[in-house]
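Under my numbering, think of the first position of the sequence shown as 960, with each following residue one higher. Read the structure below first, then the notes.
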Amino acid sequence: MAKLPDESFRDTIGTISEEGKRVWMFPKKPSGKFYDQRKIVSYVLLAMLATFPFIKINGNQFVLLNVIDRKFNIFGFTFWPQDFYLVVISMIVGVVFVTLFTVAFGRIFCGWICPQTIFMEMVFRRIDYWIDGDRGAQIRLAKQKWNGEKIRKRMLKWFIYFIISFLIANVFLSYIIGSDSVLAMVKEGPANNWSTLIALLIFTGVFYFVFAWFREQVCIIACPYGRLQGVLLDNKSIIVAYDHVRGERTQGRARYRKDQDREELGIGDCIDCKQCVNVCPTGIDIRNGTQLECVNCTACIDECDHIMESIDLPKGLIRYASEDEIVKKAKFKFTPRMKGYTAVLFILIGLLCGLLFLRNDVEATILRLPGQTFEHKGENISNVYTFKIVNKTAKDFEKIHFKIVHPEGKVIVVGNPVLKIEKGEYAQGTLFVEINPAFLDSYKTNVKIEVYDGDELVETTTTNFLGPRNFN
């Protein structure tokens, strides 16, 4: 039976001291196979984040989340408030996917994809290493008195932090109001856009606060996903795990001694060098098992593999593994719980794809004006309506007009009878529908109206038409 690492086990947050004060993290600069792979993934994702607002497809911004005008572009396709049900289903799909991924593979999202982790570890933390040095140098600088060297390094680092935070704020603003609007404001200058500049500086301050001071506390305190993983993980989930069976064996850990057969003596392969702790960005000891602060960044895997290689012991003491694999040597299995999540995920994806295919490029809404009854217009009965036509396509509509299909009648648009609707825009107004009482089925008749762009039918809609109860 392996001896569990109970001497150093703790049940408090690693970034808070016994006195309740924050423990500032100075992680060692990571290096290794996983770190190199994370850098590639992170820089690709950063490039995507920075370029998506400036990519255009058929004149539409590739990704736009304009909450103000309630206009959203996803991969060049425009979505309006009428398509909100698609957004809801997409969010549910995302939640189920992350849930399934967490059940199977732990918090890989946090360590490899989360924007907070990518910006913190691949941008701001690397600035720390460049200006302040590695872990030891950072600790010495933090304890150092405020002399010329410390002031120079701190001012340079804080200035770079501010510039990067300001650029991030501009990129996020491009997602909200559109890259064209942001570029236009840059050309006009801040003097003509004070309100936008103030908003930018506020968001810059938020990003600066998060990455310069709050840092890993976002993952530990603010992010709900860290709490969610506690109810999602089980012994079959693949996580960044310490092999306590091999690391402890029967006699526990011991310092490394050359020419010592540790397995024969029952000594664990862990030499208690604490390098896995020093390299951890949240300051935990992975040897204590799965913990709230662990974001599966794999820095401890790379560091432990390097130590094992240097003392000629097998790598993988810390690795991607499940508790069942470590204790029972059980291979990964697709559990019934995973199958259930997968089934739900495929159903939701199928539903979403079906709704996307059924989604109309043009949406016309014609509603009878509330509180209004019918009017007599000569021999005809007239009802007044409001209409709204949304152009979800990437082309302009030059000659939008209406034609009543059933029953026989005519449509009179207030103002210009022929409308022009540019791509991604909408038109609204008032119209009258006039029908001879002879064609009415009852006092409330369903009316079918077609919307044309020139000779092309672009949408068909229905509405109610009110007539006299004694129409016969």
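The beta-carbon is built from N, C-alpha and C at its ideal position, and this holds for glycine as well.
Worksheet entry | Segment limits, beta strand (DSSP E) that includes residue 1412 | Start and end: 1403-1412.
Worksheet item: Residues bridged to residue 1371 by DSSP?
Response: DSSP, once it has assigned bridges, lists 1391 as partnering residue 1371.
Worksheet item: Alpha carbon to alpha carbon, what distance is there between residue 1304 and residue 1166?
Response: Taking C-alpha positions only, residue 1166 is separated from residue 1304 by approximately 34 Å.
Discussion item. Can you confirm whether the stretch 1102-1112 touches the stretch 1204-1215 when touching is taken to mean that 3 or more C-beta pairs between the two stretches lie within less than 8 Å?
Written reply: No, they do not touch.
Discussion item. Checking 9 Å against the spacing of the C-beta atoms, do residue 1178 and residue 1241 come in under that value?
Written reply: Residue 1241 is positioned such that its CB atom lies closer than 9 Å to that of residue 1178.
Worksheet item: Do residue 1185 and residue 1254 have their CB atoms nearer than 9 Å?
Response: Yes; because the gap between Cβ atoms is below 9 Å, this pair is in contact.
Discussion item. For residue 1093, which residues in the same chain have their Cβ closer than 7 Å to its Cβ, ignoring the five residues on either side in sequence?
Written reply: Cβ neighbours of residue 1093 beyond the five flanking positions: 987 and 988.
Discussion item. If the criterion is Cβ atoms closer than 9 Å, does the pair residue 1181 and residue 1120 meet it?
Written reply: In this structure, residue 1181 sits away from residue 1120, with a CB-CB distance that is not shorter than 9 Å.
Worksheet item: Cα-Cα, which of 1069, 1188, 1400 and 1264 is closest to residue 1201?
Response: It is 1264.
Worksheet item: Can you tell which of 1217, 1032, 1197 and 1226 has its C-alpha closest to the C-alpha of residue 1209?
Response: Ranking 1217, 1032, 1197 and 1226 by Cα distance to residue 1209 puts 1226 first.
Worksheet entry | Limits of the unbroken alpha helix (DSSP H) element including residue 1377 | Element bounds for residue 1377: n/a, residue is neither H nor E.
Worksheet item: Where do the N-terminal and C-terminal ends of the beta strand (DSSP E) with residue 1280 fall, by residue?
Response: Counting along the chain, the beta strand (DSSP E) containing residue 1280 begins and ends at 1277-1280.
Worksheet item: How would you call residue 1071, buried or exposed, if buried means at least 16 neighbouring beta carbons within 10 angstroms?
Response: Counting other Cβ atoms within 10 Å of its Cβ, residue 1071 reaches 16 or more and is therefore classed as buried.
Worksheet item: Of the choices 1008, 1315 and 1367, whose alpha-carbon is the least far from that of residue 1041?
Response: Distance check between residue 1041 and each of 1008, 1315 and 1367 places 1315 closest, using alpha-carbon atoms only.
Worksheet item: Can you find a heavy atom of the ligand MN that lies under 8 Å from the Cβ of residue 1079?
Response: As for the ligand MN, it is missing from this structure, which has no ligand bound.
Practice prompt. Measure the alpha-carbon distance for residue 1157 versus residue 1020 and round it to whole angstroms.
Written response: Cα to Cα, the separation comes out at about 25 Å.
Worksheet item: Would you say the stretch 1336-1344 touches the stretch 1383-1392, given that touching needs at least three Cβ pairs under 8 Å?
Response: Contact between the stretch 1336-1344 and the stretch 1383-1392 is present: three or more C-beta pairs spanning the two stretches fall below 8 Å.
Item to complete: Specify the secondary structure class of residue 1416 as computed by DSSP and reduced to three states.
Response: In the structure shown, residue 1416 falls within a strand segment according to DSSP collapsed to helix, strand and coil.
Worksheet entry | Reduced DSSP secondary structure (H/G/I, E/B, other) of residue 1331 | Coil, per DSSP.
Worksheet item: Anyone know if the C-beta pair for residue 1261 and residue 994 falls short of 9 Å?
Response: Taking 9 Å as the Cβ cut-off, residue 1261 and residue 994 qualify as a contacting pair.
Worksheet item: Looking at the structure shown, is residue 1224 part of a helix, part of a strand, or coil, going by DSSP?
Response: Three-state result, residue 1224: helix.
Practice prompt. Take the Cβ of residue 1335 as the centre, count every other Cβ of all protein chains shown within 10 Å, and call the residue buried at 16 or more, exposed below.
Written response: Burial call: exposed.
Worksheet item: When the Cα atoms are used, what is the spatial distance from residue 1411 to residue 1370?
Response: Rounded to whole angstroms, the gap between the alpha carbons of residue 1411 and residue 1370 is 13 Å.
Fill in: Simplified DSSP state of residue 1049, which is helix, strand or coil
DSSP, read as helix, strand or coil, puts residue 1049 in helix.
Fill in: Candidates 1190, 999 and 1351: closest to residue 991 by CA position
Looking at the Cα atoms, 999 is the closest of the given residues.
Worksheet item: Relative to the C-alpha of residue 1281, which residue among 1063, 1386, 1403 and 1302 is closest?
Response: The shortest C-alpha separation from residue 1281 is found at 1063.
Worksheet item: Roughly how many angstroms separate the alpha carbons of residue 1298 and residue 1059, rounded to a whole number?
Response: Rounded to whole angstroms, residue 1298 to residue 1059 spans 9 Å at the Cα level.
Worksheet entry | Short Cβ contact (9 Å threshold) for residue 1358 with residue 1383 | Contact: no.
Discussion item. Could you pull the DSSP bridge partners for residue 1343 from this structure?
Written reply: DSSP output for residue 1343 lists 1391 as bridge partner(s).
Worksheet item: What residue from 1428, 1231, 1169 and 1106 has the CA that sits closest to residue 1078's CA?
Response: The shortest C-alpha separation from residue 1078 is found at 1169.
Discussion item. Check for me: the beta strand (DSSP E) holding residue 1381 runs from which residue to which?
Written reply: For residue 1381, no beta strand (DSSP E) run applies, since DSSP gives it neither H nor E.
Item to complete: Let me know the secondary structure DSSP gives residue 965 once reduced to three states.
Response: Low per-residue confidence applies at residue 965: pLDDT is 48, beneath 50, and the placement is therefore not dependable, though the value from the model is reported in the following sentence. Coil, per DSSP.
Worksheet item: Which runs of the alpha helix (DSSP H) spanning at least 4 residues fall entirely within the stretch 1012-1069, listed in chain order?
Response: Runs found: 1043-1064.
Discussion item. Could you give the first and the last residue of the continuous beta strand (DSSP E) run that contains residue 1201?
Written reply: Counting along the chain, the beta strand (DSSP E) containing residue 1201 begins and ends at 1198-1201.
Practice prompt. Give the DSSP-derived three-state secondary structure of residue 1385 in the structure shown.
Written response: Note: residue 1385 maps to strand in three-state DSSP.
Practice prompt. Determine the burial state of residue 1326: buried for a count of at least 16 other Cβ atoms within 10 Å of its Cβ, exposed for fewer.
Written response: Answer is exposed; the Cβ neighbour count stays below 16.
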